[in-house]
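Residue numbers (our numbering): 28 to 319. All C-beta atoms, glycine included, are put in the ideal place defined by N, C-alpha and C. Computed from a prediction, not measured in an experiment: that's the story for all the values here. Worksheet: the structure to be examined is printed underneath.
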Amino acid sequence: MSQATTTGAAGTTTTGRVRRSRAGATGTARSQSDRPLRLLATELLAGIGPLLVLMLLWQVVYLTLPENQFLRGPLEAVEFAVSGENVGELAAALLSTFTMLLAGYLIAVLVALTLASVVTASAAMARAIMPLAVVLGVVPVIVITPVVIMLVGRGPATSITVCVMITFFSCFISIVSGMRSAARGIDDLAAVLGGSGWRRLVSVRLPSSVPGLISASKLALPASLSGVILTEYIATGEGIGTFINLARANYRYVDMWGGIFVVVLLSVLAYSLLGFLEVWLGDRYVVRRSSR
28 MSQATTTGAA GTTTTGRVRR SRAGATGTAR SQSDRPLRLL ATELLAGIGP
78 LLVLMLLWQV VYLTLPENQF LRGPLEAVEF AVSGENVGEL AAALLSTFTM
128 LLAGYLIAVL VALTLASVVT ASAAMARAIM PLAVVLGVVP VIVITPVVIM
178 LVGRGPATSI TVCVMITFFS CFISIVSGMR SAARGIDDLA AVLGGSGWRR
228 LVSVRLPSSV PGLISASKLA LPASLSGVIL TEYIATGEGI GTFINLARAN
278 YRYVDMWGGI FVVVLLSVLA YSLLGFLEVW LGDRYVVRRS SR
């Protein structure tokens, strides 16, 4: 009787442990599935929080200074950005600008990936390419833009070219650094197992460059956006840069500040999204490397 009771108690205890283990595993799985959403929310709050503080200071300055025809408050800018009669015009300008930005960014990343692959495979090519990349990276955008206008003209190609020249250097350096930091053991093992140079590039070096590329993009894209807007402002006659310039020239200062506000807001959202990708992809990359 006593032995049966003991056996029953042991079985109950074991069953309880199994249930708790399953519950813990379920909770861990749910936590892991919710992690991307938590990361995204954290990055959005980290980006929007300072923007709200800046808008509060903007409102304080607007209310403190004497009445000024040029200066408008953040509430007027937000109202302009969301009002139905202005959304179409503003959206068309933003679409033009961000199309040029995206095209220039993709071209810059493609060129950077190609040259980084060559540089990491050949020391001679590295000595030839790296100095040119550094020279391109230190030239200010205010110097690049007039030269590009004279060479390319006053069209969409000008905005794309300026974006490529601004974005390329930081992406190139980050990709090269990531490829060179790829685990030597993994690369050597792939070579021993008969992996070709192309297979090792795709399987080992390129994944190693992804976190660095995202980090570089967080700095390169805002600078590229400034370059595209400057090019639109002085050359192309299209996009949000021209929208802001025409609003200023026609004394439509509410429109001007509304356009500036939307550009800043979209830049903050893009920066937050890249921050999320940086952490999320970085975690996945570290886990995969450690599991190997």
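- Around phenylalanine 195, the same chain offers Ala135, Val138, Ala139 and Leu163 as residues with beta carbons nearer than 7 Å, after the five sequence neighbours per side are excluded.
- Here valine 291 is not near glutamate 103, since their CB atoms are 8 Å or more apart.
- Distance from the CA atom of serine 204 to the CA atom of serine 236, rounded to whole angstroms, is 7 Å.
- With respect to the C-alpha of alanine 143, the residue from Phe199, Gly264 and Val168 having the closest C-alpha is Phe199.
- The beta-carbon separation of tyrosine 260 and glycine 268, rounded to 4 Å, stays under the 8 Å limit for a contact.
- The Cβ atoms of glycine 285 and alanine 150 lie no closer than 8 Å to each other.
- Here leucine 92 is exposed, its C-beta having fewer than 16 other C-beta atoms within 10 Å.
- Straight through space, the alpha carbons of threonine 258 and alanine 243 are spaced by roughly 22 Å.
- Valine 168 has its alpha-carbon roughly 22 Å from the corresponding atom of isoleucine 202.
- Inter-residue distance for leucine 248 and alanine 297 is about 9 Å (C-alpha atoms, whole angstroms).
- Between the C-alpha atoms of leucine 252 and valine 191 there is a straight-line separation of about 11 Å.
- The C-beta of threonine 147 has 16 or more other C-beta atoms within 10 Å across all chains shown, which makes the residue buried.
- For valine 289 against leucine 78, the beta-carbon gap comes to about 12 Å, at or over 8 Å, which does not count as contact.
- Boundaries of the alpha helix (DSSP H) harbouring threonine 185: 183–207, taken from the DSSP string.
- If you compare the alpha carbons of Leu308, Ser110, Met283 and Gly264 with that of serine 186, the shortest gap goes to Gly264.
- The Cβ-Cβ distance between tyrosine 89 and leucine 98 falls below 8 Å.
- Distance between isoleucine 176 and alanine 262, taken at the CA atoms: about 7 Å.
- Relative to isoleucine 287, the option among Arg62, Asn95 and Val105 whose CA is nearest is Val105.
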